[in-house]
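Engineer: Following this message is one structure expressed as C-alpha cells.
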Amino acid sequence: MHILILGYGKMGKTIESILSSKGHTSDHADTIEERSRFGNKNFDVIIDFSIPDAALDNIFFAFQKKTPIVCGTTGWLNRFEEAKKRCEEEGGTLFYSPNYSIGVNLFFQLNKKFASVMNKFVDYDVSMNEIHHTQKLDAPSGTAIRLAEIVTEQLDHKTGWSFEKPAKDKLQITSERIGEVPGTHTITYTSPIDSISLTHEAHSRAGFAMGAVLVAEWVWDKKGVLGMDEFLGDLML
Numbered sequence: 096m097h098i099l100i101l102g103y104g105k106m107g108k109t110i111e112s113i114l115s116s117k118g119h120t121s122d123h124a125d126t127i128e129e130r131s132r133f134g135n136k137n138f139d140v141i142i143d144f145s146i147p148d149a150a151l152d153n154i155f156f157a158f159q160k161k162t163p164i165v166c167g168t169t170g171w172l173n174r175f176e177e178a179k180k181r182c183e184e185e186g187g188t189l190f191y192s193p194n195y196s197i198g199v200n201l202f203f204q205l206n207k208k209f210a211s212v213m214n215k216f217v218d219y220d221v222s223m224n225e226i227h228h229t230q231k232l233d234a235p236s237g238t239a240i241r242l243a244e245i246v247t248e249q250l251d252h253k254t255g256w257s258f259e260k261p262a263k264d265k266l267q268i269t270s271e272r273i274g275e276v277p278g279t280h281t282i283t284y285t286s287p288i289d290s291i292s293l294t295h296e297a298h299s300r301a302g303f304a305m306g307a308v309l310v311a312e313w314v315w316d317k318k319g320v321l322g323m324d325e326f327l328g329d330l331m332l
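If you want it as C-alpha cells, here you go:
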C-alpha cells in the first residue's frame with residue numbers, strides 16, 4: 096500500500112517507521128500548504144494525525160481524492176456531524192477514533208461493563224484523571240471524552256461529564272500535561288470508606304501508531320463512517 100501521512104510530528108514519524116517495516120510506502124505533509132503538492136498523486140489510504148485546525152480540511156481533501164482517511168486527530172469533534180454528512184453525500188470513507196491503541200479500546204469495553212455494575216452502588220462517586228505530554232494541544236483528551244461518555248451512559252445518576260468543574264450529576268475530568276507522557280487515563284470510584292481505580296498507561300506511542308496502521312490496512316476497501324467497534328468486531332469474528 097502507498098499511504099499519505101498528514102501531520103509529521105512524533106506520531107507521524109512513528110507511523111512512517113511502522114509502515115516501512117511492514118513493506119508499505121508513504122509520503123508525508125506537515126501542513127495544508129505542504130499537502131498541496133500531493134493534489135494529483137494517488138494513495139490507497141490517508142492517515143491524519145495533524146492538528147485540530149487542519150483535521151476537517153484534511154478529511155475533505157481525502158473525500159475529494161476518493162481516498163479512505165484514518166483520522167486520529169482530536170479537538171475538532173464539534174464539527175464531526177459536518178464531516179459525517181459530507182462523507183455520506185460524497186460516498187467517502189472516514190474512520191475516526193480518538194485512540195487507536197488496542198489496549199485502550201479493550202479498556203473502553205472493561206469500563207463499560209464495570210460502570211454497569213457500579214450503577215447499583217450509588218455511594219461511589221466517579222471521576223477521571225488524564226495525563227499527556229506537554230505538546231498535546233487539547234484538554235481533556237479525546238480518549239478521556241470518549242471514556243467519560245462510555246462510563247456515564249451506564250450510570251443513572253450521571254448526566255454527562257464536566258472539565259475541572261465539580262458537579263454532583265457530572266463525571267469530573269481533570270487533566271495534566273507532563274513531560275513526554277504518551278497517555279495515562281484513570282477512572283476512580285470513591286466512597287466514604289474506600290476507592291476503586293482502573294488505569295490504562297501507555298508506555299510509548301508505538302501502540303497508537305500500530306493500531307492506526309492496522310486500521311489503514313483494513314479500511315482501504317470500506318465505505319462510510321467507521322470506528323474501532325467495526326474494526327475490532329471484524330477481528331473477533
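Taking our numbering, the leading residue of the sequence shown gets 96, the next gets one more, and so forth.
Note that beta-carbon positions come from the ideal geometry of N, C-alpha and C, so glycine has one too.
1. Considering only the beta carbon of each residue, do P147 and L205 sit closer than 8 angstroms?
2. Between F156 and R132, how many whole angstroms is the CB-CB distance? I'm expecting something under 8 angstroms.
3. Does the contact criterion of 3 or more C-beta pairs under 8 angstroms hold for the stretch 173 to 181 versus the stretch 205 to 222?
4. Should E296 be labelled buried (16 or more other beta-carbon atoms within 10 Å of its own) or exposed?
5. Looking at the ligand FAD, does it come within less than 7 angstroms of A243, judged from the CB to the closest heavy atom?
6. So what does A297 bridge to, in DSSP terms?
7. Could you work out which residue in A301, T279, F303 is closest to S292 when comparing CA atoms only?
8. Residues bridged to H97 by DSSP?
9. With distances taken Cα to Cα, identify the nearest neighbour of Q159 among C166, G319, G134, A301.
10. Return the first residue and the last residue of the beta strand (DSSP E) that I197 is part of.
11. Alpha carbons only, please: which of E225, H97, A150 is nearest the one belonging to F190?
12. Going by other Cβ atoms of all chains shown within 10 Å of its Cβ, with 16 needed for buried, is D251 buried or exposed?
Structural biologist: Concretely, from the data shown:
1. no
2. Their Cβ separation, rounded to whole angstroms, is 12 angstroms, which puts F156 and R132 out of contact at 8 angstroms.
3. no
4. exposed
5. With respect to small molecules bound, the structure shown includes none, and the ligand FAD cannot be examined in it.
6. According to DSSP, A297 bridges with nothing at all.
7. T279
8. T120
9. G134
10. Segment 197 to 213 is the alpha helix (DSSP H) holding I197; no beta strand (DSSP E) there.
11. A150
12. exposed
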